[in-house]
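Chains as they are written, first to last, in this note's numbering: chain W, 1 to 286; chain A, 1001 to 1286; chain U, 2001 to 2574; chain G, 3001 to 3574.
Ideal Cβ positions, reconstructed from N, Cα and C, are used throughout, including at glycine.
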Amino acid sequence: MVNLDDFYSDDPVAWCPGCGNYSILEALKQAFVNSGRKPHEIVIVSGIGQASKMPHYLRCNAFNGLHGRTLPVATGIKLANHELTVLAEGGDGDGYTEGGNHFIHAMRRNIDITYLVHNNKVYGLTKGQASPTSDLGYVSGTTPMGSFSPPLNPLLLAISMDCTFVARGFSGEPVHLAGLILEGLQHRGFSFIDILQNCVSFNRVNTYQWYKKRVYDIKDDPSYDPRDMGMAFRKAQEWGEKIPIGIIYRNDRPSLDEKHPAIRNLPLVKQEIDRASLEGIIEFFR
Amino acid sequence: MVNLDDFYSDDPVAWCPGCGNYSILEALKQAFVNSGRKPHEIVIVSGIGQASKMPHYLRCNAFNGLHGRTLPVATGIKLANHELTVLAEGGDGDGYTEGGNHFIHAMRRNIDITYLVHNNKVYGLTKGQASPTSDLGYVSGTTPMGSFSPPLNPLLLAISMDCTFVARGFSGEPVHLAGLILEGLQHRGFSFIDILQNCVSFNRVNTYQWYKKRVYDIKDDPSYDPRDMGMAFRKAQEWGEKIPIGIIYRNDRPSLDEKHPAIRNLPLVKQEIDRASLEGIIEFFR
Amino acid sequence: MAVDITIRIGGLAGQGMQFIGMLLGKIFTRHGYYVFTHQDVESRIRGGHNFVQVRIKDEPVFCHSQKVDILIALDRGSMDLDQPVLEPDDIMIFDVKEKGFTSDNPARLPIPMEQLAVEAGGMKIMFNSVAIGAALALLGCDLQPILDRLDEEFAARGQETVEKNRNCVISGYGYIKSNFKGTFPKKIPLAPYKKDKLFMTGSQAMALGAACSGLKFYSGYPMSPSTTIMEYLASLGRKHSIIVEPAEDEIAAINMVIGASFAGVRAMTATSGGGFCLMVEGMGLAGMTETPAVIVVAQRPGPSTGLPTRTEQGDLDFVIHASHGEFPRSVFAPGNAEQAFYTMQKAFNLADRFQTPVIVLGDQYLNDSYFTLDNLDPGRIKIDRGKIISAENMSYPVEYKRYEWDESGISPRIFPGQTEAVVYADSDEHTEAGHITESATVRKGMVVKRLRKVEGIRKEMDPPKVNGERDPDLLLVGWGSTCGALKEAADILTRNGLKTAVWHFCDLFPFPDTGLLPQISKKTRIFSVENNATGQFARTLSGQGRIMIDHRIFKFDGRPFSPWDIVNRVHRAL
Amino acid sequence: MAVDITIRIGGLAGQGMQFIGMLLGKIFTRHGYYVFTHQDVESRIRGGHNFVQVRIKDEPVFCHSQKVDILIALDRGSMDLDQPVLEPDDIMIFDVKEKGFTSDNPARLPIPMEQLAVEAGGMKIMFNSVAIGAALALLGCDLQPILDRLDEEFAARGQETVEKNRNCVISGYGYIKSNFKGTFPKKIPLAPYKKDKLFMTGSQAMALGAACSGLKFYSGYPMSPSTTIMEYLASLGRKHSIIVEPAEDEIAAINMVIGASFAGVRAMTATSGGGFCLMVEGMGLAGMTETPAVIVVAQRPGPSTGLPTRTEQGDLDFVIHASHGEFPRSVFAPGNAEQAFYTMQKAFNLADRFQTPVIVLGDQYLNDSYFTLDNLDPGRIKIDRGKIISAENMSYPVEYKRYEWDESGISPRIFPGQTEAVVYADSDEHTEAGHITESATVRKGMVVKRLRKVEGIRKEMDPPKVNGERDPDLLLVGWGSTCGALKEAADILTRNGLKTAVWHFCDLFPFPDTGLLPQISKKTRIFSVENNATGQFARTLSGQGRIMIDHRIFKFDGRPFSPWDIVNRVHRAL
Ligand SMILES: Cc1ncc(C[n+]2csc(CCOP(=O)(O)OP(=O)(O)O)c2C)c(N)n1
Ligand SMILES: Cc1ncc(C[n+]2csc(CCOP(=O)(O)OP(=O)(O)O)c2C)c(N)n1
Ligand code: SF4
Ligand code: SF4
Ligand SMILES: [Mg+2]
Ligand SMILES: [Mg+2]
């Protein structure tokens, strides 16, 4: 059995005091413990940004790569060794601007990865510029007249791509969040969790309190069926006085790693080179 | 008054005989004529692929740029001179794979551009490999075991981004298509038209006949309201025996070029440098 | 009599020229000859003016000849555009239906190709099989072996297709036997059938080399002329445990490759210059995280989209300096299919041993051309995966540092999940443990660690292959796909009385130890020959200070050098 | 007495060090001095160890000094980590609340900063204003002018803030006057207020230079240390008709710039090495379509993410060779804010005149540092937009060819919609009219046309600025942001008896006509000084064959050279 200590890292944390990222870290560790997976069986791929510093602060395999490029790296890892539990993690800038194309296509592939986006509605590490989830009119260094574009709705986007697991969490509800992450880890396919995260340094509107007042667990409504795409589509548009958290949409279809015949029996990384069969293909050219 | 001849180009066409692109070309010319815009008032930005050769085959300003990068170039042009009628045009590979990120963000910006995607469900110019709109199981050079991923639904994606004009046309219905394009040109904001296009060389399933049998004009249903997002969301999922063409979704919100105060009165390209005000900003540093 | 005969098949895209080229190549390869086939095509699927050229020789051949002996003109365009390359005695086969062309030269040979195709095969579009029959008849080939090869190559397409094409070939063959009035002294007597040699393209050789080196993961996005590598590897996927994942763009491709490699498998991607532009950031990621990655850059004329289906050696400077900051890499440019096959092994071994990105440069001429090879021996491929700690050779308790200091610059790798250790890889400057650092001292140490590898890699770089005369009057220096043309040019020049040698570089960067370069006497005039406009390699070479280049021969019209292109330019310079 | 005094403010990110630095800079700039301020910070928003260093001189100053005279330690970390740079007589101001530190050196000056802040301003976090007051008291500055400047700088934040900070400053100032027991001979008597000189960062100078050169469109994606350029330009947007469009990624940014430029306005983007990686394909697009584009690459240590908030000159080779194929470009690296301002003009003019991409290299040291400048004169900026056909100077009937052949390689531009002509631009190889071509002849012509521009551009490239002694014993050669340190090092060396000169290159590529390089006698020992690990510029320079470099001084720990770093390394090498 693993416990929280197994995931302890002594790398000093570089986040601001009061940042929502701390609770996400705790939720993540808890989900790992509950998943029963050991640190060396897990890989987190992160991008660049505050959120992306995450994997340094816990103990498991980590690939801290490029801004916006978490998902392709994670996809490569999963296909090379599907016995690993693979996560991708980054900010809203990382995932929805720089990495937007990979996001769409990872959902299409339905690769078995759990993708956590710390959505603080700003570019935190570069000092608070508008991100694609910033509100219309958000004033920042790059948008002194207020952001001209409405925020992107990542849940709606994910549903439109028939992403097989679409959820929203809140850093201020770490127990709930840990539960979501665990479900995501257990879901066979692409699990996407948009995490509302307060940024105390730059986002003065969507504060911890602001969210705390508004979020509610989607499970409170027993009639809600996340397998109903139409329902999900409507639910994903709810924002304002009431903000739903929980699993918004789910669906089952085979994940990419289940489809590749090459790895039906054994992960690629464990397969030896078959010299005889290679001789065979050379023969083909004679 | 302009007429079709004004848009005539003598550049020899490099498409296959029988390709759906020819009718798209004719529809486009017709839409231009009906729009009343003159060749020098129009710019088409295209990418790379068969579809992207289009602007050479008519007479108007053209920027034939990079694979997947039509929309940023078009955005730059529009912001620099919003008096121009700006179109972007390319294939499904160009727009939905390589250019996926720009597609999302151009819709978010709601920049006043008309975007035509020739969706032949293959990478035509590179010889028929699976594109993101290829059917599950489509066999090609890069997918010899059949495509593992389901096709992306561009209409659904566009609706989820609250794209202000979402339409589908068919190369086999050039009159209808010309009408759609004209409406797109007249729409103030981002007008997206996914054009079903037969590729005689590589797509042996979705042929002219195949589509001809299935497509119907969405206007046939008088109760259909493209301003109803929920309705649009359902309509966009219709595919198979019946395939709707027409305007699936529309919405009004200010376009990006209407928002920039710098160009409220005059296009950027016509503005002189204001030396006095520049002296002023230098003073600020004293 | 020595055989060196070239057949050009000209026509519209979509007329099956590539297939004909391949078929002829296989026939002659299996009946005693060596074949080199290259293509000159437009960036379109149907129409235009295109040709495939098949050169048949009784000894190994690695480039095309500017001399065409038989032109099979499949359309009117070819008759107009290709005929000028013919001498009066050379043959042109064309369809009698083409109007407005008359000639009393019996070597201009109208054949009712379509008509015969309809009669013999029932379909107009089989007229190219008629043309093949006719050409082979002219060349004095026996009919039966041709039909046997036809059966083999068409087998996959079903009995009916085989039958019909067979009949068309017979019909074209027979037509010549009964109607050809001229004389055509060039003959290629078919030797007895022997399935010993190989016939493949440069792309196939690269893909095969990668597969034999233990490639397990490929991700890419189609781009000419690299796509054939991806497609060939994909075709192996089901049976050979290789995953080929079509990427949404080149950025995804290189990042997937890095992910797979980090997880422990050999991984690669291929693209052309434009796609590589999008991989530049990923290349730096591989450099910083010290993740092996092999990238094939199959060049085509740039800048930008350029000429998508044509050839150039214009990307050398770019790949050598690609990505910001300073980190080690190596760059190779094999000269033919055989070298391409073995170079892939070296690329993968160096990538693993030094934990860096490795670039293999091809180009349209190398990648799309077919070569007859005596053999390729996967047994000669030794796989060296470098320093790896596995569960067996690991010391417990586990305290693993991914970037542990080592004089060589190389720290042992662990593949995540394969031991109980956890691995931190980082694109930020990092500590030995792989965590983000801000320390000036650690930074300095890490830069030194990474750059230490350069000297290690340099020791692995081979000097140029030297060919031709010792103590030559002329030295031709080149790299990559010009290899065959350079050697043949040197032979011609030597025969013309100018003792000529060739240095052909495959290992380009880091530049091999200059001490390994052969001695060159002052009298030797040195020509650098490059398929580009600015002499990129010549600059590197001069930069070494050992070699002074006297003349530069560049070609940058998108077309490859033939030996005579080089010979003529040398003569002009002298 | 000559003034050359450095104040370091050390502490946690978020403690407002940058603002203090700026404030001190403005005070001294407006009261008779020159200031240079640089920052050494971590890649985080709160916490860590960071400092800002303010150097005040009575003559122009362009780099930091390694010597710190007053340390304002805002946290315990700074006390531990920054104190070692102090000599016994140098002052450290710190909060008396920090436990575990005692010293009987009166120059280690505990002040009840937080307590005074609470008393005077009502808020703990204003303790840094107390510190400012204390430091300025030690330096013998008069109080009133300080308060006046404070009023000006805080004005935008409201009366209450002004008031409170004022009180804190007074309190700190008073505390020193009454409690400081030691002696501190270093004084900075404030001259009468004069708002004549400018005080700005390298980034601001670049942005301002661009605006004054007629920049109309900017698109970018934030990336340190370039973000400040974007933010400054955005702040001008409303009043100055500049559109700043935040891009979804760097690929979009460069393509938007190309679009805007094609449509006829001056357009630019800025990024750092990692973002530039993603612009490489777009750069080739600008090259092929012959669209002007200005790209600022503000360097930081690589490879990959590297050290995001620190400095390096590691991207020169990369930008010179970026993108596949061969096409002209130019590269500049200004040495200080003033040069940065005027270089932007040159960049835009060359981009327009030669219709190519132009790169301006900055780095964290140049971009983030503040400089006092005597003046910047927008009147000196001459805008030359190159060959343009407008509706007025156009000949009718219209038959416009975008890529019409011209000996210079430059074809006149038309902006779409501005005349009745239509314009075709193409990334494929194209005809003069801008349509896709497959012709070998056209291709050759177009390559020649594009490359013709190189010699035109080279004529515009200035030789290095030469400073210091004639016929020197030592010559220091550098480029970009090392300018200030190089000159100061040369002064020191000369004073020490080694006649030293400096060559500082701003115009880097194409390399200026070597005929323009000053004569150098054999006895002169040449040092190349670069803020990187492999000597990228030294390689280019040696490649010219005119200059032999004797010693190389590299620094690659992410920190900038101070003059003494260079002096010491020179002495060690001799
Ligand atoms: C290619 C590239 N472009 C830009 C950057 C600079 N950059 C680093 S983090 C960041 C934004 C961070 O925002 P987000 O992803 O939302 O993460 P947060 O810091 O808010 O958690 C940017 C733009 C980069 N590292 N790489
Ligand atoms: C960066 C880059 N990657 C790849 C290519 C090669 N390429 C050219 S066209 C094309 C696909 C074309 O498919 P699509 O966009 O659907 O257009 P179609 O030919 O089907 O009309 C590709 C992959 C390229 N030109 N640039
Ligand atoms: S800037 Fe915002 S997101 Fe980043 S660590 Fe601070 S509070 Fe958290
Ligand atoms: S390949 Fe397909 S899309 Fe391209 S021109 Fe031919 S038919 Fe049209
Ligand atoms: Mg964020
Ligand atoms: Mg397509």
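At what residue ranges does the region 183-267 of chain W contain a whole run of the alpha helix (DSSP H), taking only runs of 4 or more?
You should have 208-214, 229-235 and 256-259.
K121 of chain W CB to nearest chain G CB: under 9 Å?
Counting from 1 along the first sequence, the entry for residue 121 of chain W is found at position 121. So no, K121 of chain W is outside the interface.
If you follow the alpha helix (DSSP H) that P3145 of chain G is in, where does it begin and where does it stop?
Locating residue 3145 of chain G in the fourth sequence gives position 145, where the first residue counts as 1. DSSP places P3145 of chain G in the uninterrupted alpha helix (DSSP H) bounded by L3143 to F3154.
Since N61 of chain W and V2423 of chain U should fall inside the 8 Å C-beta cutoff, what is the C-beta to C-beta distance between them, to a whole number of angstroms?
Counting from 1 along the first sequence, the entry for residue 61 of chain W is found at position 61. Counting from 1 along the third sequence, the entry for residue 2423 of chain U is found at position 423. About 5 Å separates the beta carbons of N61 of chain W and V2423 of chain U, which is inside the 8 Å limit, making them a contact pair.
Comparing C-alpha positions only, which one of U:A2421, U:H2430 and U:V2052 sits nearest to S2395 of chain U?
Position 395 of the third sequence, counting from 1, holds the residue named residue 2395 of chain U. Minimum Cα distance to S2395 of chain U is reached at U:A2421.
Could you tell me whether the Cβ atoms of Y2175 of chain U and G2122 of chain U are closer together than 9 Å?
Looking up residue 2175 of chain U in the third sequence gives position 175. Looking up residue 2122 of chain U in the third sequence gives position 122. The answer is no: Cβ separation not under 9 Å.
Given a threshold of 16 other Cβ atoms within 10 Å of its Cβ, counted over all protein chains shown, does L266 of chain W qualify as buried or as exposed?
Along the first sequence, read from residue 1 onward, the residue named residue 266 of chain W stands at position 266. Burial is judged here by how many other beta carbons sit within 10 angstroms of a residue's own beta carbon; L266 of chain W has fewer than 16 and is exposed.
DSSP-derived helix/strand/coil call for P3357 of chain G
The residue you call residue 3357 of chain G lines up with position 357 of the fourth sequence. DSSP places P3357 of chain G in strand when its eight states are reduced to three.
Taking just the CA atoms, how far does A2337 of chain U sit from H1118 of chain A?
As a first step, residue 1118 of chain A must be located in the second sequence, where it is residue number 118. As a first step, residue 2337 of chain U must be located in the third sequence, where it is residue number 337. The alpha-carbon atoms of H1118 of chain A and A2337 of chain U are separated by roughly 38 Å.
In angstroms with no decimal places, state the Cα-to-Cα distance between S1255 of chain A and H105 of chain W.
As a first step, residue 1255 of chain A is located in the second sequence; it is residue number 255 there, counting from the start. As a first step, residue 105 of chain W is located in the first sequence; it is residue number 105 there, counting from the start. When rounded, the separation of the alpha-carbon atoms in S1255 of chain A and H105 of chain W is 28 Å.
Taking Cβ-Cβ distances shorter than 7 Å, what residues in chain U pair up with M1161 of chain A?
For the purposes of this step, residue 1161 of chain A is taken as the residue at position 161 of the second sequence. Simply none; closest approach about 17 Å.
Check whether the region 1245-1260 of chain A and the region 1213-1223 of chain A are in contact - that is, three or more C-beta pairs closer than 8 Å.
Judged by Cβ distances under 8 Å, the region 1245-1260 of chain A makes contact with the region 1213-1223 of chain A, as three or more pairs qualify.
Identify every residue that forms a DSSP beta bridge with T2271 of chain U.
In the third sequence, counting from the first residue as 1, residue 2271 of chain U sits at position 271. T2271 of chain U is bridged to U:V2297.
Along the region 2363-2381 of chain U, what residues have a CB closer than 7 Å to any CB found in chain W?
Of all residues in the region 2363-2381 of chain U, those with a C-beta nearer than 7 Å to a C-beta of chain W are L2376 and P2378, reading in chain order.
Anyone know if the C-beta pair for V1043 of chain A and G3417 of chain G falls short of 9 Å?
Against the second sequence, residue 1043 of chain A aligns to sequence position 43. Against the fourth sequence, residue 3417 of chain G aligns to sequence position 417. Contact: yes.
Along the chain, where does the alpha helix (DSSP H) containing I2566 of chain U start, and where does it finish?
For the purposes of this step, residue 2566 of chain U is taken as residue 566 along the third sequence, with counting starting at 1. Run containing I2566 of chain U: P2563 to A2573, per the alpha helix (DSSP H) assignment.
Contact test: A51 of chain W Cβ vs ligand 5 heavy atom, cutoff 8 Å
Looking up residue 51 of chain W in the first sequence gives position 51. Yes, Cβ of A51 of chain W sits closer than 8 Å to a heavy atom of ligand 5.
Can a CB atom of chain G be found closer than 9 Å to the CB of Q50 of chain W?
The sequence position of residue 50 of chain W within the first sequence is 50, counting from 1. Taking 9 Å as the CB threshold, Q50 of chain W lines the interface with chain G.
Report yes or no: do three or more beta-carbon pairs, one from the region 2241-2249 of chain U and one from the region 1084-1100 of chain A, lie closer than 8 Å?
The answer is yes - the region 1084-1100 of chain A touches the region 2241-2249 of chain U, with three or more Cβ pairs under 8 Å.
Below 8 Å, how does it come out for the region 2057-2064 of chain U and the region 2029-2045 of chain U: are there three or more Cβ pairs, yes or no?
Segments in contact, yes.
Span of the beta strand (DSSP E), counted from its first residue to its last, around Q3418 of chain G
For the purposes of this step, residue 3418 of chain G is taken as the residue at position 418 of the fourth sequence. Unbroken run through Q3418 of chain G: none, as it is neither H nor E.
Would you verify that the beta carbon of H3038 of chain G is, or is not, closer than 9 Å to some beta carbon of chain U?
By 1-based counting over the fourth sequence, the position of residue 3038 of chain G is 38. No, its Cβ sits nowhere closer than 9 Å to a Cβ of chain U.
Looking at W2479 of chain U and ligand 3, is the gap between the Cβ and the nearest heavy atom below 8 Å?
Taking the third sequence and counting its residues from 1, one reaches residue 2479 of chain U at position 479. In this structure, ligand 3 has no non-hydrogen atom nearer than 8 Å to the beta-carbon of W2479 of chain U.
Along chain U, in chain order, which residues have C-beta atoms closer than 7 Å to that of K3444 of chain G?
Position 444 of the fourth sequence holds residue 3444 of chain G. Going along chain U in sequence order, the residues near K3444 of chain G (Cβ under 7 Å) are F2556 and D2557.
For Y1008 of chain A, count the other beta carbons within 10 Å of its own beta carbon; 16 or more makes it buried, fewer makes it exposed. Which is it?
Along the second sequence, one-based indexing puts residue 1008 of chain A at 8. Y1008 of chain A should be labelled exposed.
Scan the region 1030-1083 of chain A and note each continuous alpha helix (DSSP H) run of 4 residues or more that stays entirely inside, going in chain order.
Entirely contained in the region 1030-1083 of chain A, the alpha helix (DSSP H) runs reaching 4 residues are, in chain order, 1070-1080.
Should Y3403 of chain G be labelled buried (16 or more other beta-carbon atoms within 10 Å of its own) or exposed?
Here residue 3403 of chain G refers to the residue found at position 403 of the fourth sequence. Counting other Cβ atoms within 10 Å of its Cβ, Y3403 of chain G reaches 16 or more and is therefore classed as buried.
Along chain A, in chain order, which residues have C-beta atoms closer than 7 Å to that of H3435 of chain G?
If you number the fourth sequence from 1, residue 3435 of chain G lands on position 435. The answer, in chain order, is D1011 and H1056.
Is G3237 of chain G near ligand 7 - that is, is its Cβ less than 8 Å away from at least one heavy atom of it?
Questions concerning ligand 7 fall outside what the structure shown contains, since the ligands it does hold are ligand 1, ligand 2, ligand 3, ligand 4, ligand 5 and ligand 6.
Is there at least one Cβ from chain G nearer than 9 Å to E89 of chain W's Cβ?
The residue labelled residue 89 of chain W in the question sits at position 89 within the first sequence. Not an interface residue.
Are any of the Cβ atoms in chain U nearer than 9 Å to that of P3575 of chain G?
Absent from the structure is residue 3575 of chain G, since the part of chain G shown begins at 3001 and ends at 3574.
List the endpoints of the continuous alpha helix (DSSP H) containing S3261 of chain G.
If you number the fourth sequence from 1, residue 3261 of chain G lands on position 261. It spans E3250 to A3263 - the alpha helix (DSSP H) in which S3261 of chain G sits, taken as one unbroken run.
Within 10 angstroms of the Cβ of P261 of chain W, are there 16 or more other Cβ atoms? Answer buried if so, exposed if not.
Here the question's residue 261 of chain W lines up with position 261 in the first sequence. Burial state of P261 of chain W is exposed, judged by a 10 Å Cβ sphere holding fewer than 16 other Cβ atoms.
How would you write the range of the beta strand (DSSP E) that R3008 of chain G sits in, first residue to last?
Residue numbering aside, residue 3008 of chain G sits at position 8 when the fourth sequence is read from its first letter. Per DSSP, R3008 of chain G is one residue of the beta strand (DSSP E) stretching across D3004 to A3013.
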